[in-house]
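Take 1 as the starting number for the sequence shown in UniProt numbering and just add one per residue.
Backbone N, C-alpha and C fix where the C-beta goes; we use that ideal spot for every residue, glycine too.
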Amino acid sequence: MSDAGRYTCEYATYPSGNEQGTTTLIMLAKPKNSAKAVTVQAGSKSVMVAHCEAADGKPAATIKWLASVGGNHSTSSTNGPDGTVTVRSEYRLVPTAEDNGREVTCLVDQKTQDRPWTEVLKLSVEYPPTVTIDGYDHNWYVGRSDAVLFCHATANPEPTTITWTTASGSLPDTVVVEQNKLTVRKVDDAVNTTFTCEVKNKHGASRKTLTTFVIEEKREPVQEQQTGALVGGVFGTIIFIGIIIGIVFLVRKYQQDTEGPPKHKPPPPVKAGSSTEMLNKPSEPPTATETVPLSPGEVYYEPTGGEPVTMLDEEATDALNGGAPPVLNKDGSDGHHGNDSSNHGPSSGNIPRGESFVSTPMYV
Numbered sequence: 001m002s003d004a005g006r007y008t009c010e011y012a013t014y015p016s017g018n019e020q021g022t023t024t025l026i027m028l029a030k031p032k033n034s035a036k037a038v039t040v041q042a043g044s045k046s047v048m049v050a051h052c053e054a055a056d057g058k059p060a061a062t063i064k065w066l067a068s069v070g071g072n073h074s075t076s077s078t079n080g081p082d083g084t085v086t087v088r089s090e091y092r093l094v095p096t097a098e099d100n101g102r103e104v105t106c107l108v109d110q111k112t113q114d115r116p117w118t119e120v121l122k123l124s125v126e127y128p129p130t131v132t133i134d135g136y137d138h139n140w141y142v143g144r145s146d147a148v149l150f151c152h153a154t155a156n157p158e159p160t161t162i163t164w165t166t167a168s169g170s171l172p173d174t175v176v177v178e179q180n181k182l183t184v185r186k187v188d189d190a191v192n193t194t195f196t197c198e199v200k201n202k203h204g205a206s207r208k209t210l211t212t213f214v215i216e217e218k219r220e221p222v223q224e225q226q227t228g229a230l231v232g233g234v235f236g237t238i239i240f241i242g243i244i245i246g247i248v249f250l251v252r253k254y255q256q257d258t259e260g261p262p263k264h265k266p267p268p269p270v271k272a273g274s275s276t277e278m279l280n281k282p283s284e285p286p287t288a289t290e291t292v293p294l295s296p297g298e299v300y301y302e303p304t305g306g307e308p309v310t311m312l313d314e315e316a317t318d319a320l321n322g323g324a325p326p327v328l329n330k331d332g333s334d335g336h337h338g339n340d341s342s343n344h345g346p347s348s349g350n351i352p353r354g355e356s357f358v359s360t361p362m363y364v
């Protein structure tokens, strides 16, 4: 590092005289990076749980933290005699049992490094045991064999001792203990009591109690009935869904059938006094009627007080004919001849009885 500085090269030339060149040498130093988690005890005060250091670097390194736990960090730096810098950062939080094993990451960035240096650290938080007891199924009946209880504990460091006791102090003769497992060889009134499991480590002791009740007769498992009801409910739901799908399918099929074109043409209704009846009656001499020009849709009343007659346009005429072209007379005309008696439609002899038809409209 002492080689850093300003260098000058001087040389003589003839006849121009002396010349010189100057350059500056800058020395860089790659830092020595390290990171470590600190073992702490769970508590209510903020303490350092990890530290990260970039020593003897030039220029000074930058330290950052990535963490999923709530905390903060502080950074300090120290200058060396040769121009290097040591950077140190501490990560602090209020440690709890849940923080044990969680990860924090230290990142060191410096000019001489191709990429940031990283180190993943697992926090180490020590705490006294937390105890639970399971295995009791509320079905300890007289004569039952090998009823079991388990004592579970979470602690850091691991528990050193696990002790089973009862409310009376000593365990019944039918009880056997193997580490955290308590086994009742044969259930009787002696185990109708309260069991206590106590677990210790270097930070303290914790205990948990459980009261067992001995019954006279075995209880039938309720779980099987619940399982049967669950299976029945599943099958019932499947059947119900199948019925709904079938109904929807039938309704859609019915709609498709009804929305399609008719397979036969129904006969039109016959009204009294219509042109159909007129065709079946003997033709009478037409009454002289004044020709009045009307537009399609206008209504004309006969002077004798007869029923009104509405003029129809070509589209309405086609509709009355069932979509067929107008009925023509024998001479090929369509009946538009003013007051001619042929305007009342074709004669009854041209239409067979019993056959469906639509008569041509009457023009007045």
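Are there three or more Cβ pairs, one per stretch, closer than 8 Å when the region 161-170 is compared with the region 186-197?
Yes: the two stretches touch, three or more of their Cβ pairs being nearer than 8 Å.
Close Cβ partners of C9 (< 6 Å) along its chain, the five nearest in sequence each way excluded:
Position 9 of the sequence shown, counting from 1, holds the residue named residue 9. Answer for C9: G21, listed in chain order.
In its own chain, which residues sit with a C-beta less than 6 Å from the C-beta of G204, not counting the 5 before and 5 after it?
Along the sequence shown, read from residue 1 onward, the residue named residue 204 stands at position 204. Cβ neighbours of G204 beyond the five flanking positions: P128.
E220 (DSSP reduced to helix, strand or coil)
Taking the sequence shown and counting its residues from 1, one reaches residue 220 at position 220. Three-state DSSP puts E220 in coil, outside helix and strand.
Just reading off the beta strand (DSSP E) that V184 is part of, what are its end residues?
Counting from 1 along the sequence shown, the entry for residue 184 is found at position 184. Where V184 is concerned, the enclosing beta strand (DSSP E) starts and stops at 181-186.
Since N156 is in the beta strand (DSSP E), which residue starts that stretch and which ends it?
The sequence position of residue 156 within the sequence shown is 156, counting from 1. Residues 145-156.
Residue nearest to N201 in terms of C-alpha spacing, selected from I243, I241, V131
Working through the sequence shown from its first residue, we reach residue 201 at position 201. Ranking the options by Cα distance to N201, first place goes to V131.
Near P81, which residues of its chain fall below 6 Å by C-beta distance, leaving aside the five closest residues on each side in sequence?
What you label residue 81 is simply residue 81 of the sequence shown in a count that begins at 1. Excluding residues within five positions, none has a Cβ falling inside 6 Å.
To the nearest angstrom, how far is it from the Cα of E178 to the Cα of I215?
Position 178 of the sequence shown, counted from the first residue, corresponds to residue 178. Position 215 of the sequence shown, counted from the first residue, corresponds to residue 215. If I take the Cα positions, the gap works out to 26 Å.
Counting along the chain, where does the beta strand (DSSP E) carrying H73 start and finish?
Here residue 73 is taken as the residue at index 73 of the sequence shown, counted from 1. Unbroken beta strand (DSSP E) run through H73: 72-79.
According to DSSP, simplified to helix, strand and coil, what is residue 365?
Only positions 1 to 364 of the chain appear in the structure, and residue 365 is not among them; the question remains open.
Would you decide whether N72 is buried or exposed? Buried here means 16 or more other CB atoms lie within 10 Å of its CB.
What you label residue 72 is simply residue 72 of the sequence shown in a count that begins at 1. Under this definition N72 is an exposed residue.
Please go through the same chain and pick out, in chain order, the residues whose beta-carbon is closer than 8 Å to the beta-carbon of L28, but skip the five residues on each side of it.
Taking the sequence shown and counting its residues from 1, the one referred to as residue 28 is at position 28. Excluding sequence neighbours, L28 sits near K58, P59, K111, T112.
Taking buried to mean at least 16 other C-beta atoms within 10 Å of its own C-beta, is A12 buried or exposed?
The residue labelled residue 12 in the question sits at position 12 within the sequence shown. A12 is classed as exposed because its beta carbon has fewer than 16 other beta carbons within 10 Å across all chains shown.
Confirm, please, whether the CB-CB distance from G143 to K186 is below 8 Å.
Mapped onto the sequence shown, residue 186 falls at position 186. Mapped onto the sequence shown, residue 143 falls at position 143. Result yes, Cβ atoms of K186 and G143 sit closer than 8 Å.
Note down the Cα distance separating Y141 from A153, rounded to an integer number of angstroms.
Here residue 141 corresponds to residue number 141 of the sequence shown, with the count starting at 1. Here residue 153 corresponds to residue number 153 of the sequence shown, with the count starting at 1. Going by the C-alpha atoms only, they are around 28 Å apart.
What number of angstroms, rounded off, separates the C-alpha of W117 from the C-alpha of E53?
By 1-based counting over the sequence shown, the position of residue 117 is 117. By 1-based counting over the sequence shown, the position of residue 53 is 53. Cα to Cα, W117 sits roughly 11 Å from E53.
Can you find the residues in the same chain that come closer than 7 Å, C-beta to C-beta, to P157, ignoring five residues on each side of it along the sequence?
Against the sequence shown, residue 157 aligns to sequence position 157. Closer than 7 Å at Cβ, skipping near neighbours: E126, N201, K202.
May I ask you to report which of helix, strand or coil DSSP gives I162?
Numbered from its first residue, the sequence shown carries residue 162 at position 162. Looking at I162 - three-state DSSP - the assignment turns out to be strand.
Could you give the distance in angstroms between the alpha-carbon of T291 and the alpha-carbon of V251?
Looking up residue 291 in the sequence shown gives position 291. Looking up residue 251 in the sequence shown gives position 251. Low per-residue confidence applies at T291: pLDDT is 46, beneath 50, and the placement is therefore not dependable, though the value from the model is reported in the following sentence. Those two C-alpha atoms are separated by around 56 Å.
In the DSSP assignment, the beta strand (DSSP E) including R88 goes from what residue to what residue?
In the sequence shown, residue 88 corresponds to position 88, counting from 1. Its beta strand (DSSP E) spans residues 85-93.
Does the beta carbon of V125 sit closer than 8 Å to a beta carbon anywhere in chain B?
The structure shown contains no chain B, having only a single protein chain.
Straight-line CA distance for S206 to G169?
Walking along the sequence shown from the start, residue 206 turns up at place 206. Walking along the sequence shown from the start, residue 169 turns up at place 169. In a straight line, the C-alpha of S206 is about 17 Å away from that of G169.
To the nearest whole angstrom, what separates the beta carbons of T86 and D134, a pair I think is in contact under 8 Å?
Here the question's residue 86 lines up with position 86 in the sequence shown. Here the question's residue 134 lines up with position 134 in the sequence shown. Incorrect: roughly 53 Å between the Cβ atoms, too far for contact.
Whole-angstrom Cβ separation of C106 and A35, contact assumed at under 8 Å?
If you number the sequence shown from 1, residue 106 lands on position 106. If you number the sequence shown from 1, residue 35 lands on position 35. Sure, about 4 Å apart at Cβ, within 8 Å.
Could you tell me the alpha carbon to alpha carbon distance between L66 and G246, rounded to whole angstroms?
The sequence position of residue 66 within the sequence shown is 66, counting from 1. The sequence position of residue 246 within the sequence shown is 246, counting from 1. Cα to Cα, L66 sits roughly 58 Å from G246.
Would DSSP call Q20 helix, strand or coil?
For the purposes of this step, residue 20 is taken as the residue at position 20 of the sequence shown. Strand at Q20.
Can you tell me which residues form a DSSP beta bridge with M48?
Numbered from its first residue, the sequence shown carries residue 48 at position 48. Paired residue(s): R92.
At the level of alpha carbons, what is the spacing between K218 and V47?
By 1-based counting over the sequence shown, the position of residue 218 is 218. By 1-based counting over the sequence shown, the position of residue 47 is 47. Straight-line Cα distance between these residues: approximately 55 Å.
Neighbourhood of E90 by C-beta, 7 Å cutoff - its chain only, sequence neighbours within 5 removed
Taking the first residue of the sequence shown as 1, we reach residue 90 at position 90. So the qualifying residues of the chain are M48, H51, H73, S74.
Are there 16 or more other CB atoms within 10 angstroms of the CB of D189, so buried, or fewer, so exposed?
By one-based count along the sequence shown, residue 189 stands at place 189. Exposed, because fewer than 16 other Cβ atoms sit within 10 Å of the Cβ of D189.
If I follow the unbroken beta strand (DSSP E) through A12, where does it start and stop?
As a working note, residue 12 is residue 12 in the sequence shown. Element bounds for A12: 5-13.
Who pairs with E126 in a beta bridge, going by DSSP?
Here the question's residue 126 lines up with position 126 in the sequence shown. Paired residue(s): Q41.
Excluding the 5 residues preceding and the 5 following D3 in the sequence, name in chain order all residues of the same chain whose CB lies nearer than 7 Å to its CB.
Against the sequence shown, residue 3 aligns to sequence position 3. Excluding sequence neighbours, D3 sits near L25, M27.
Secondary structure at V209, three-state DSSP: helix, strand or coil?
Position 209 of the sequence shown holds residue 209. With the sequence shown as reference, residue 209 is identified as Thr, and Val is not the correct amino acid for it. Strand, per DSSP.
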